Amino acid sequence: MSQVGPGLRATAYVETEKLNNPKDRRPVEPGAAPPVVEDSGISRWVPALAIVVLWVVAWVLTKGTHTLDLPSLSRTDLHDRLTEIQNGLLESRSTNPFMQFTNAIADVFRSTVDWFQRLLSKPAFPRPVPQIGWLGVTAIATYVGLVVAGWRIALLVVASFLSFGVLGYWDPSMDTLIVVLISVLLAIIIGMPLAVWIGTSARANAVVTVFLDLMQTMPTFVYLLPIVLFFGIGTSAAVVATLIYSLPPIIRIAGFGIREVPTTTIEATDSSGQTYWQRLFKVQLPMARKTIIVGLNQTTLAALSMATLASFVDGPGLGKPVLQGLRVNDVGTAFVPGVLIVVMAVMLDRTTTAASERSERIARGGGHANPLQRRIVVLGGAVVALVAVYLSRTYVSLAEFPTYGIGRSISTAVSDFVSWITTNFGGVTGGLKDGVTDWLLNPVQSVLAESPWYVSFLGIAALALVFGGMRALAVCVVCLLGIRYLDLWHDAMITLNMTLVATVLVMALALVFGVWMARDRRVDLGIRPLLDAGQTIPPFVYLIPVLALFGPSRFTAIVAGIVYAAPAAIKLVADGVKGVSPTTIEAGRSTGQTTWQEITKVQLPMAKGSLVLATNQGLLYVLSMTVIGGLVGAGALGFDVVYGFSRSEAWGKGAAAGLTIVLLGVMLDRITRAAADVRRDDGPGTRRAFNVRLPIGPPGT
Numbered sequence: 081m082s083q084v085g086p087g088l089r090a091t092a093y094v095e096t097e098k099l100n101n102p103k104d105r106r107p108v109e110p111g112a113a114p115p116v117v118e119d120s121g122i123s124r125w126v127p128a129l130a131i132v133v134l135w136v137v138a139w140v141l142t143k144g145t146h147t148l149d150l151p152s153l154s155r156t157d158l159h160d161r162l163t164e165i166q167n168g169l170l171e172s173r174s175t176n177p178f179m180q181f182t183n184a185i186a187d188v189f190r191s192t193v194d195w196f197q198r199l200l201s202k203p204a205f206p207r208p209v210p211q212i213g214w215l216g217v218t219a220i221a222t223y224v225g226l227v228v229a230g231w232r233i234a235l236l237v238v239a240s241f242l243s244f245g246v247l248g249y250w251d252p253s254m255d256t257l258i259v260v261l262i263s264v265l266l267a268i269i270i271g272m273p274l275a276v277w278i279g280t281s282a283r284a285n286a287v288v289t290v291f292l293d294l295m296q297t298m299p300t301f302v303y304l305l306p307i308v309l310f311f312g313i314g315t316s317a318a319v320v321a322t323l324i325y326s327l328p329p330i331i332r333i334a335g336f337g338i339r340e341v342p343t344t345t346i347e348a349t350d351s352s353g354q355t356y357w358q359r360l361f362k363v364q365l366p367m368a369r370k371t372i373i374v375g376l377n378q379t380t381l382a383a384l385s386m387a388t389l390a391s392f393v394d395g396p397g398l399g400k401p402v403l404q405g406l407r408v409n410d411v412g413t414a415f416v417p418g419v420l421i422v423v424m425a426v427m428l429d430r431t432t433t434a435a436s437e438r439s440e441r442i443a444r445g446g447g448h449a450n451p452l453q454r455r456i457v458v459l460g461g462a463v464v465a466l467v468a469v470y471l472s473r474t475y476v477s478l479a480e481f482p483t484y485g486i487g488r489s490i491s492t493a494v495s496d497f498v499s500w501i502t503t504n505f506g507g508v509t510g511g512l513k514d515g516v517t518d519w520l521l522n523p524v525q526s527v528l529a530e531s532p533w534y535v536s537f538l539g540i541a542a543l544a545l546v547f548g549g550m551r552a553l554a555v556c557v558v559c560l561l562g563i564r565y566l567d568l569w570h571d572a573m574i575t576l577n578m579t580l581v582a583t584v585l586v587m588a589l590a591l592v593f594g595v596w597m598a599r600d601r602r603v604d605l606g607i608r609p610l611l612d613a614g615q616t617i618p619p620f621v622y623l624i625p626v627l628a629l630f631g632p633s634r635f636t637a638i639v640a641g642i643v644y645a646a647p648a649a650i651k652l653v654a655d656g657v658k659g660v661s662p663t664t665i666e667a668g669r670s671t672g673q674t675t676w677q678e679i680t681k682v683q684l685p686m687a688k689g690s691l692v693l694a695t696n697q698g699l700l701y702v703l704s705m706t707v708i709g710g711l712v713g714a715g716a717l718g719f720d721v722v723y724g725f726s727r728s729e730a731w732g733k734g735a736a737a738g739l740t741i742v743l744l745g746v747m748l749d750r751i752t753r754a755a756a757d758v759r760r761d762d763g764p765g766t767r768r769a770f771n772v773r774l775p776i777g778p779p780g781t
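First residue of the sequence shown? That's 81 in our numbering, and the numbers climb one at a time after it.
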């Protein structure tokens, strides 16, 4: 199991017949040439290149005609019909049973969040402060960290909570944690029974996986449009969106852990006469404990990511000041809350990870060395936490966090620094932006978006056939027909262009750093922690530094997408190259291969499945960011979604744009997945099977 993604790390399962498995490997004679991998994938590039050449010729002869270009503020009859459907649903709130049901759920979520806010973050009338002040909340959180993960995590928790208050964002931080807490608890309640179901039933796994794939392929921004329609804006929409987005990881990962319990163990329990429930609670769940907590980790980070983005529908929390700063291009305003989101993500990630490791040690009999000392620490910590809660309820100064000017000072300093950067290095960043735009973005966009729509349709379908086969072609044709029907073809091609260009750059970085990490353990040890940290950061935050450097433009969204997607792709490439059999590499070296030949003739071809998987994840992560990039001038479908949010009469266009993004994501996912899902003989003495399960796009991946 290899983890990639979330803020979001996704989880990709690559089942590989190891090249150094004696059962599957014929011996290599001493001094003999290493097995040469005749990569059938290379032959795919010949017809692919021919298709591209024909496409370019057709573009030269017909460019600018039948492009289906729709001005950014214009709408079609289909978009207006979708808006009418929305208006009809809103008008029937009091009579439509389904709308009444969703309204009732929204009211429950609103009341629950409001109760928690009065408990932790806002005045509980007639009290001028919350029921539990900052000291009590910090003490409780620290105690939980101490009990579930140890004293190091307790120190991290107390430092994180103090930073929320010292930097001036205590209330928004608590609101974000409230939404995350409620969503994760609901995800566990709903997700664990489903995880048990798919973990114990192959038929259920096949059915549920289809829905999980769709949910995780869908970019986060797209969740918000239908949710606002049925649940309104504000806290209810934030909780529902966060719940839906955070649900798939725990279902998939926990289900995987239950399914991976050894068959021999299951047979042994059956022979002893255990019932289904005894086997589940005494064998399968305990043995899958570590994997289940990994799923909880992924669910928690996904919830934080979506809770931040839900600020766009007036959800409470740290996302609001970040969004405010992005809207007015004020990096200083967005910087401090953005940093606190990262602090919160690291805290939650490290806490759940440490809890997973500790539970594994206890399960193996390596828990706390002195049980009496453990009980004293637990009871003493509980007493301290209760005293802190009492004090925070008694003294206003311990209930309301003191006001400091540190956050404002940091914001001002960041704004001044950004001004200095743009003044002194604007030429460099502008030159880089113009270079990539003129030499990559514009030419590819011209071919994709300025060709007649039917030429682009046929070109994309033909490439899907070449790289993914008939199944990929069928899915591709259905998705392209859907995109054409939704009347946003031109914008879809512009978004596809940004996604493809960014993915090419992501894979360039992945190949360079992935191979370097795989070949040098010291480099791997130095870079991997940075990649892990990068995958913990919610995607929304990536826009802040990139906006500071490049200003609002589509290039800004592309760079943010590259930074967001690169860690997952780099780790997948590194793990794939590292998995190549050492005996195969040694055999090549014995024949005098150079380093370059070793990399290009042996390691990369034999790690092809990981490369395709990295491409798949890169595409979906980048697509997610180009949509969010609509907030910073990316245009195309991202702008259409934002426009649909901001203007009620344009809701239909925003909904059509959201559906178009989903179709693009499904199409790209299925093409790259089909390209990876091959089983073949690589050559003499080697056999490699790729069975790739991709649970997300960014999300997620």
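Ideal Cβ placement from N, Cα and C applies to all residues, glycine included. Since we're looking at a predicted model, the values are computed, not measured.
- In the three-state reduction of the DSSP assignment, glutamine 378 falls in the helix class.
- Under the DSSP assignment, glutamate 678 falls outside any alpha helix (DSSP H); it carries neither an H nor an E label.
- By the beta-carbon neighbour count (other beta carbons within 10 angstroms, threshold 16), methionine 550 is exposed.
- The C-beta of glutamine 453 has fewer than 16 other C-beta atoms within 10 Å across all chains shown, which makes the residue exposed.
- Buried is the label assigned to serine 385, since at least 16 other Cβ atoms lie within 10 Å of its Cβ.
- Annotation: the continuous alpha helix (DSSP H) that includes arginine 407 extends over 399 to 407.
- Serine 253 carries a helical assignment under DSSP once its states are collapsed to helix, strand and coil.
- Per the C-alpha coordinates, the member of Ala138, Ser728 and Phe196 positioned closest to isoleucine 313 is Ser728.
- Boundaries for glycine 713: no alpha helix (DSSP H) harbours it, and the DSSP string shows neither H nor E there.
- Within the model, the alpha-carbon separation for phenylalanine 189 versus tryptophan 139 is close to 53 Å.
- When Ser123, Thr695, Trp533 and Arg473 are compared, the shortest CA-CA separation from proline 203 is found for Arg473.
- A straight-line Cα-Cα distance of about 46 Å links glutamine 180 and glycine 485.
- Non-local C-beta neighbours of phenylalanine 620 in its own chain, meaning closer than 6 Å and more than five positions away in sequence, comprise Thr388 and Leu389, ordered along the chain.
- Beyond the five residues adjoining it in sequence on each side, leucine 150 comes within less than 8 Å, by CB distance, of Thr156, Asp567, Leu568, His570 and Asp571 in the same chain, given in chain order.
- In this structure, DSSP gives glutamine 354 a state outside helix and strand, which the three-state scheme calls coil.
- Taking every protein chain shown into account, the CB of asparagine 504 has fewer than 16 other CB atoms within 10 angstroms, so this residue is exposed.
- Just measuring C-alpha positions, the residue of Val228, Val712 and Lys658 sitting nearest lysine 688 is Lys658.
- In terms of CA proximity to leucine 623, Gly405 leads the group Ala468, Gly405, Ala646 and Trp533.
- Nearest neighbour of proline 396 by Cα position, chosen from Ser633, Tyr249 and Ala716, turns out to be Tyr249.
- Within the same chain, Val586, Leu589 and Ala590 come within 7 Å of alanine 646 by CB-CB distance, once the 5 residues on both sides are set aside.
- Annotation: tryptophan 231 to glycine 225 spans about 8 Å, alpha carbon to alpha carbon.
- In the three-state DSSP reduction, valine 498 falls in the helix class (H, G or I).
- Taking the Cα positions, alanine 637 is about 14 Å away from valine 722.
- In this structure the region 340 to 359 does not lie against the region 297 to 306, because fewer than three pairs of beta carbons, one per stretch, are closer than 8 Å.
- Taken through DSSP and simplified to helix, strand or coil, tyrosine 470 comes out as helix.
- In the three-state reduction of the DSSP assignment, isoleucine 617 falls in the coil class.
- Counting C-beta pairs closer than 8 Å gives three or more between the region 423 to 439 and the region 370 to 380, which meets the contact rule.
- Counting C-beta atoms within 10 angstroms of its own C-beta, histidine 159 has 16 or more neighbours from the protein chains shown and is therefore classed as buried.
- Beyond the five residues adjoining it in sequence on each side, threonine 256 comes within less than 6 Å, by CB distance, of Ala387, Gly397 and Leu398 in the same chain, given in chain order.
- For the 8 Å CB-CB criterion, alanine 649 and valine 692 do not form a contact.
- No Cβ-Cβ contact shorter than 8 Å links threonine 575 with leucine 711.
- Residues of the same chain with a CB within less than 8 Å of the CB of aspartate 429, apart from the 5 flanking positions on each side, are Asn377, Thr380, Leu381 and Thr616 in chain order.
- If you draw a straight line from the Cα of threonine 218 to the Cα of valine 463, it comes to about 14 Å.
- Ranking Ala318, Gly672, Val746 and Thr349 by CA distance to the CA of aspartate 394 puts Ala318 first.
- For arginine 599, the enclosing alpha helix (DSSP H) covers residues 569 to 599.
- In chain order, Ala317, Ala321, Leu389, Ala390, Phe392, Val393 and Phe725 place their CB closer than 8 Å to the CB of leucine 304, counting only its own chain and leaving out the 5 sequence neighbours on each side.
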